[in-house]
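Each remark here refers to the structure printed beneath this line.
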Amino acid sequence: MDIYFKIIVICSILPLGLQAQVNESDTARFQLQTTLTGVWQEGNAEVLIFRAKALASFRASNRLVFKTQNAHLYQEFFKRKADEDFFSRNFIYYRPSQKVYPFLLGFLNTNFRRKVDLRYFLGGGVTWQLIQARSQLLKVAISGEYEESRFAQSNFSDNRFDGSSTISTWRATVWLFGRYQLGKKLILHYEAYYQPSFHLANNYRWQTDIGLEIPLWRFLNFRVNHLYTHENVVVLGTRQTDSIVTFGIRLILK
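Structural data, given as structure tokens:
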């Protein structure tokens, strides 16, 4: 792989710096963060990459806030599909300016590498706002969800799930969200969750998402981000963990 091809691949992942940092407790009526990018190269290296992300929050009233986070990724290398993923996280918050507030959630996603044809879960929970300050934010939340996952195969890393391409379960989730300003410029963002199953202890997943940002302009930040995910029950032959470090810019509109 030549150096030019490596540069193309690295540049294509820049927009992944856009992560779920829209704060539903913000007093702004509308917030938007978005990015769109693509890479198309032919010749000695054939590459096709398309990425789109949009995060938005809308305050319908003093009590209700809607938040949506959506992402789409498509990648081909030498005309061979490497990724085709869609992810949508949607929340309804009730009085998120309070110290403790409830929420409803609905998630939908597909994942080509993990052979997830369709996954959705619906549920609700409660958020505790431990710290809400200009230089620091800390929240924890717990929720319960019903989840259904439809896979492209019916053989799994845990053979107790073999024989059916669909896995349904009730889950609990513990969430952690935070932001901390280091000095005058550097901003640390972090988000993590742990999601066990009520039916079988071995069917769990967890994720950490940590980023550092430096403001470049009023609406523009430079960001370095590390995303690590682990899913314990996966289609046979699929790795349980994914880890990626990305860097790029984040556009913020309020």
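0 is the number of the first residue of the sequence shown in numbering that gives the first Met the number 0; add one for each residue after it. No residue lacks a Cβ here, since even glycine has one placed at the ideal position from N, Cα and C.
Select from Asn43, Val46, Arg58 and Ala51 the residue whose C-alpha is nearest the C-alpha of glutamine 30.
Within the sequence shown, numbered from 1, the residue matching residue 30 stands at position 31. Closest by alpha carbon: Arg58.
Alpha carbon to alpha carbon, how far is glutamate 41 from valine 173? Give it in angstroms, no decimals.
The residue you call residue 173 lines up with position 174 of the sequence shown. The residue you call residue 41 lines up with position 42 of the sequence shown. Between valine 173 and glutamate 41, the C-alpha separation is close to 45 Å.
Identify which residue in Gln152, Ser164 and Lys98 has its Cα closest to the Cα of leucine 136.
In the sequence shown, counting from the first residue as 1, residue 136 sits at position 137. Residue Lys98 is the option with its Cα nearest to leucine 136.
For aspartate 208, the nearest candidate out of Ala140, Asp161, Ser196 and His225 (CA to CA)
Stepping through the sequence shown from its first residue, residue 208 is reached at position 209. For aspartate 208, the nearest C-alpha among the options comes from His225.
Please state whether the Cβ-Cβ distance between serine 167 and valine 232 is less than 8 Å.
Here residue 167 refers to the residue found at position 168 when the sequence shown is read from its first residue. Here residue 232 refers to the residue found at position 233 when the sequence shown is read from its first residue. Contact: no.
Since serine 142 is in the beta strand (DSSP E), which residue starts that stretch and which ends it?
For the purposes of this step, residue 142 is taken as residue 143 along the sequence shown, with counting starting at 1. Taken as a continuous stretch (DSSP letters only), the beta strand (DSSP E) holding serine 142 covers 135-150.
Touch test, the stretch 146-166 against the stretch 175-185, Cβ-Cβ under 8 Å, three pairs minimum
no
Using a Cβ-Cβ cutoff of less than 8 Å, which residues in the same chain neighbour threonine 237 once the five nearest sequence positions on both sides are dropped?
Here residue 237 corresponds to residue number 238 of the sequence shown, with the count starting at 1. Same-chain partners within the cutoff: Arg112, Arg113, Lys114 and Ser156.
State buried or exposed for isoleucine 243, treating a residue as buried only when at least 16 other CB atoms are found within 10 Å of its CB.
Position 244 of the sequence shown, counted from the first residue, corresponds to residue 243. The residue is exposed, with fewer than 16 neighbouring Cβ atoms inside 10 Å.
The beta strand (DSSP E) with alanine 59 in it runs from where to where?
Within the sequence shown, numbered from 1, the residue matching residue 59 stands at position 60. Careful: alanine 59 lies outside any beta strand (DSSP E) and carries neither H nor E.
So, is arginine 222 buried or exposed, given that buried needs 16 or more other C-beta atoms within 10 angstroms?
Here residue 222 refers to the residue found at position 223 of the sequence shown. With 16 or more other Cβ atoms within 10 Å, it is buried.
Short Cβ contact (8 Å threshold) for tryptophan 205 with tyrosine 189
Here residue 205 corresponds to residue number 206 of the sequence shown, with the count starting at 1. Here residue 189 corresponds to residue number 190 of the sequence shown, with the count starting at 1. Result no, Cβ atoms of tryptophan 205 and tyrosine 189 do not sit closer than 8 Å.
Classify isoleucine 6 as helix, strand or coil using the three-state DSSP reduction.
Here residue 6 corresponds to residue number 7 of the sequence shown, with the count starting at 1. Confidence at isoleucine 6 is low in this model, with a pLDDT of 41, below 50, so the placement of that residue should be treated as unreliable; the coordinate-derived value is given next. Isoleucine 6: helix per DSSP, three-state reduction.
When you compare each of Asp84, Thr67 and Asp116 to phenylalanine 102 by their alpha carbons, which one comes out closest?
By one-based count along the sequence shown, residue 102 stands at place 103. Comparing Cα positions, the closest option is Thr67.
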